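Colleague: Shown below is the structure under consideration.
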Amino acid sequence: MTGLLTTVREVLILAGLIGLALVLLYLLRPRRRRVEVPFGALWQRVLAQSESRSVGKHWRRLLSLLLMAAIAGLLVTALADPLLTRAVGAVTAGSSYTVLILDTSASMGTRDGRGGRLGPKVAGTRLDEALGAVAELVGKAPSSDRFLLLSATGHVQVRSGWGAPRPTLLQALDGVQTSSGGLDLQRALAAADQALAGRPRTRTVLITDGGPALVAPAKWPSTLQVLRVGPSRGRSGAKGEPALLPQGLDNLAVADVRVRPAAGDPGRGTVTVTLRNDARRPVQARLSIAASDRAQDAQQFGQDAALRRVTTLTVLPGTSRQVLEDVDLSAARLAVRIAPEPPPPGKAPEFVDLAPYDDWGFAVLAERHALHVLLVTEGNLFLEAALLASDRVRLHAILPSGYKPETYAWKERVRHGIDVVVLDQLTQPLPDGMPGLRLLLHSEDPKARYAQAPEVVVRAADHALMRGVSFQDTNFDQIRVIAPLPGDVVLAAALPSAPVMVARAAPVRTVEWGLDLLETDLGGRFAMPILMDDAVAWLAGEEEPLLAPLELGRPWAIEAAGVGPGWKHLEPGQKEPKPARTSAGQLLAASETHGVHVWLSPDGREVARATVLPPAESPSEIKVLGRPPPGVDASEGSDPTAPKPRWSWLLLAATVVLAAEFGLYLRRRTV
């Protein structure tokens with residue numbers, strides 16, 4: 000009620016001022032224009048008639064005054080309409096309800112915030128800037144307003160409820176910290192919409208440095224205001240907006256980690272690290288690789304892990320790759336860190352990483368299981384020796400006379416225990432559903448083509464089956480040309496273009512090789528055991544030495560043997576494991592803690608997985624939220640095509656008519 004009385008008093012004062020201005024204008028007596036005439040007696044009769052009509056002229060002035068007063072009344076009404084409507088609405092509706100959604104995703108930890116709680120001149124994180132914006136918004140709101148504070152990443156957490164007093168809400172801001180997960184904007188807005196259901200005078204305020212575009216405009220709350228922090232502050236999300244900050248951002252990041260075991264020696268290999276330099280200049284940095292069988296997070300890798308490699312390099316702007324060869328892979332867990340090169344003693348650093356949360360990358364090597372291989376051959380010792388050279392192959396050799404494909408079908412795998420089948424010079428098919436390698440030179444197909452003394456080269460060097468394989472200086476007496484099917488990958492070919500080895504991934508992984516090892520000296524070369532080891536691993540589906548990483552903030556479902564009650568989950572940084580959630584033979588979890596997560600079985604087995612940061616949490620990206628539907632109040636900018644209020648047109652019309660009437664009045668007075 001106090002607000003309504005204040006608004007009415009302001010409207011009355013405005014009306015009084017306008018009325019006083021009109022009266023003063025009418026009290027002014029404009030000077031008549033001086034007109035010289037040749038003979039004054041001619042105007043005596045006109046002046047006499049003007050004197051007789053002086054009473055009528057007073058009436059015309061009074062009517063003009065009343066007309067302008069009416070127009071001024073319309074002007075006051077137009078100006079007072081939005082004020083009175085707002086005041087009356089505040090009295091009739093009571094308190095307003097606001098949901099504050101505070102983005103606490105990984106990128107909010109970037110140290111380029113400004114104007115936060117630490118002061119306008121002190122550089123803090125984007126979260127500090129966001130907390131300052133929340134404190135300012137709450138401090139300026141009327142005492143009757145109610146607030147609900149939510150922190151949002153991959154999940155939504157209530158920090159302060161509707162009934163909390165202002166000091167309690169501001170105190171809750173002190174406990175807010177960033178995570179390593181991404182922002183699930185749909186979930187956050189859905190939670191806000193649910194919290195505001197059935198309440199009057201509602202709005203949602205999102206405090207963020209950006210986020211993914213919404214799938215559908217219908218998912219936006221009924222009212223929305225976006226307060227931007229960080230590099231996207233003040234940006235409208237217009238079409239053609241650059242993907243990165245034009246001025247760059249001082250940040251080094253580990254974007255990806257890949258491992259490739261050395262040919263013939265799985266204990267050593269090559270580590271390929273994808274680095275990202277968000278600055279617009281080269282940076283001297285130090286890349287380190289640590290390995291451990293027990294460490295889970297950055298702190299533990301720094302304390303008790305074995306340091307495998309430290310390399311000083313120049314990281315160019317943008318994305319680049321660094322290849323480190325001959326790295327010890329004897330430990331199952333790897334951690335890679337990129338950091339600016341420390342300055343000399345007594346000198347200030349030239350480069351300060353503003354986003355330390357993405358300096359680490361983690362990887363977990365897959366356990367090398369023993370693979371059971373069925374070899375059907377007439378006693379090809381070259382082939383047997385190449386298979387036995389692998390430490391993971393368990394060889395089961397039989398003669399062609401004892402081979403029956405139906406016995407080794409996939410549906411009978413529990414009984415026979417074979418993982419891969421290798422057929423040497425057999426025209427019989429591979430078992431139904433079983434992956435396998437077929438070496439066959441002489442085909443029963445009358446249309447088969449052959450090549451004599453060909454030169455064979457590798458055609459798919461990037462394929463997992465051809466790692467470290469070369470046919471250079473290898474002699475072939477004869478090969479069979481294979482006609483590849485759609486979807487096949489030609490692994491090797493006789494020059495100029497005669498496929499001799501193809502890989503097929505669907506419906507079952509198979510390799511067709513038009514070769515007899517007795518017709519070549521390949522069996523005595525080093526490439527043969529490497530090729531067979533790669534082939535068995537690819538056919539069994541274990542060609543990738545790294546286990547697939549888990550994206551932070553997303554639901555995880557991990558398949559593992561013997562999953563059931565009693566399993567426990569140990570997150571990085573935790574001292575004691577907690578009971579794990581399981582369902583249908585899968586381990587279910589979700590976390591925003593970066594590192595290596597471990598699940599422990601009741602019988603002592605463990606399952607380890609590394610995590611990766613969400614791609615959208617790059618601190619240098621301009622993340623545009625997308626435009627809300629018409630009618631939604633958003634700080635990105637108002638819609639110029641939105642219809643104007645009726646009172647604005649009334650105000651414009653009253654102003655024009657008022658100016659015209661006063662101009663005509665002056666003209667009448669001066670004629």
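Per numbering that gives the first Met the number 0, residue 0 is the first one in the sequence shown, and the count goes up by one each step. Ideal Cβ positions, reconstructed from N, Cα and C, are used throughout, including at glycine. This structure is a prediction, so every number in the text was calculated from the model and none was measured.
Keeping to the same chain, check which residues put their C-beta closer than 6 Å to that of ARG508; ignore five residues upstream and five downstream.
Modeller: Excluding residues within five positions, the ones whose Cβ falls inside 6 Å are PRO434, LEU538.
Colleague: Grab me the residues of VAL157's own chain with a C-beta within less than 8 Å of its C-beta, minus the 5 sequence neighbours each way, in chain order.
Modeller: Cβ neighbours of VAL157 beyond the five flanking positions: LEU147, LEU148, LEU149.
Colleague: Assuming contact is defined by CB atoms lying nearer than 8 Å, are GLY247 and SER231 in contact in what I supplied?
Modeller: Their beta carbons are not under 8 Å apart, which means GLY247 does not touch SER231 by this criterion.
Colleague: Using the C-alpha atoms, what's the distance from PRO141 back to ALA14?
Modeller: In a straight line, the C-alpha of ALA14 is about 27 Å away from that of PRO141.
Colleague: Would you check if the distance between the CB atom of PRO307 and the CB atom of ALA331 is smaller than 8 Å?
Modeller: It is Arg, not Pro, that sits at residue 307 in the sequence shown. Not in contact: ARG307 and ALA331 (Cβ atoms no closer than 8 Å).
Colleague: Would you check if the distance between the CB atom of ALA505 and the CB atom of GLY486 is smaller than 8 Å?
Modeller: Yes.
Colleague: Return helix, strand or coil for LYS139, following the three-state DSSP convention.
Modeller: Helix, per DSSP.
Colleague: From GLU405, ASP418, SER329, VAL413, pick the residue whose C-alpha is nearest to that of LEU394; which is it?
Modeller: When only C-alpha atoms are compared, the closest one is ASP418.
Colleague: Per DSSP, what kind of secondary structure is TRP359 in: helix, strand or coil?
Modeller: Here TRP359 sits in strand by DSSP.
Colleague: Look up ALA347 in the DSSP assignment and say whether it is helix, strand or coil.
Modeller: ALA347 falls in the coil class under three-state DSSP.
Colleague: Going by DSSP in three states, VAL204 sits in which element: helix, strand or coil?
Modeller: It is a strand residue.
Colleague: Excluding the 5 residues flanking GLU340 on each side, which residues of the same chain have their C-beta closer than 7 Å to its C-beta?
Modeller: The answer, listed in chain order, is GLN283, ALA284, ARG285, THR311.
Colleague: Skipping 5 residues on each side, what residues in its chain have a beta carbon closer than 7 Å to that of LYS238?
Modeller: Legend: pLDDT at LYS238 = 49, less than 50; position of this residue unreliable, no value from coordinates given.
Colleague: Give a yes or no on contact between the segment 566-575 and the segment 593-608, applying the rule of three or more CB pairs nearer than 8 Å.
Modeller: The segment 566-575, when compared against the segment 593-608, does touch it at the 8 Å Cβ threshold.
Colleague: Classify ASP671 as helix, strand or coil using the three-state DSSP reduction.
Modeller: A query on residue 671 cannot be resolved here, the shown segment of the chain reaching from 0 to 670 and no further.
Colleague: Return the residue from the list ARG202, GLY123, PRO166, SER179 that minimises the CA-CA distance to VAL98.
Modeller: VAL98 has its Cα closest to that of ARG202, out of ARG202, GLY123, PRO166, SER179.
Colleague: Going by beta carbon distance, what residues of the same chain come within less than 6 Å of PRO629, once the five residues before and after it are set aside?
Modeller: Note on PRO629: pLDDT 47, under 50, position unreliable in the model; the coordinate value appears next. Counting only Cβ-Cβ distances below 6 Å, and skipping sequence neighbours, we find nothing.
Colleague: On the CB-based measure, 16 or more other CB atoms within 10 Å of its CB, does GLN424 come out buried or exposed?
Modeller: Burial call: buried.
Colleague: Report, in whole angstroms, the separation of the C-beta atoms of ARG479 and LEU521, which I expect to be a contact under 8 Å.
Modeller: Contact flag wrong, Cβ pair sits at about 15 Å.
Colleague: Answer yes or no: do ALA354 and ASN250 have a C-beta to C-beta separation smaller than 8 Å?
Modeller: Result yes, Cβ atoms of ALA354 and ASN250 sit closer than 8 Å.
Colleague: Give the C-beta separation of LEU490 and MET465 to the nearest angstrom, bearing in mind that I take them to be a contact with Cβ-Cβ under 8 Å.
Modeller: Contact holds; Cβ gap of about 6 Å.
Colleague: Along the alpha helix (DSSP H) that carries MET531, what are the first and last residues, could you check?
Modeller: Run containing MET531: 526-538, per the alpha helix (DSSP H) assignment.
Colleague: If we call anything under 8 Å between Cβ atoms a contact, is ILE206 one with ASP102?
Modeller: Going by C-beta atoms, ILE206 is nearer than 8 Å to ASP102.
Colleague: What did DSSP end up calling THR592 once you bin it into helix, strand or coil?
Modeller: Correct three-state label for THR592: coil.
Colleague: Using C-beta distances below 7 Å, list every residue in its chain close to VAL501, excluding the 5 sequence neighbours before and after it, in chain order.
Modeller: Excluding residues within five positions, the ones whose Cβ falls inside 7 Å are ILE481, PRO483, ASP487, VAL488, VAL489, LEU490, GLU511.
Colleague: Between VAL228 and GLU128, how many whole angstroms is the CB-CB distance? I'm expecting something under 8 Å.
Modeller: Confirmed, about 4 Å.
Colleague: According to DSSP, is SER617 part of a helix, a strand, or is it coil?
Modeller: Reduced to three states, the DSSP call for SER617 is coil.
Colleague: Hey, is the segment 393-410 in contact with the segment 360-377, meaning 3+ C-beta pairs nearer than 8 Å?
Modeller: The segment 393-410, when compared against the segment 360-377, does touch it at the 8 Å Cβ threshold.
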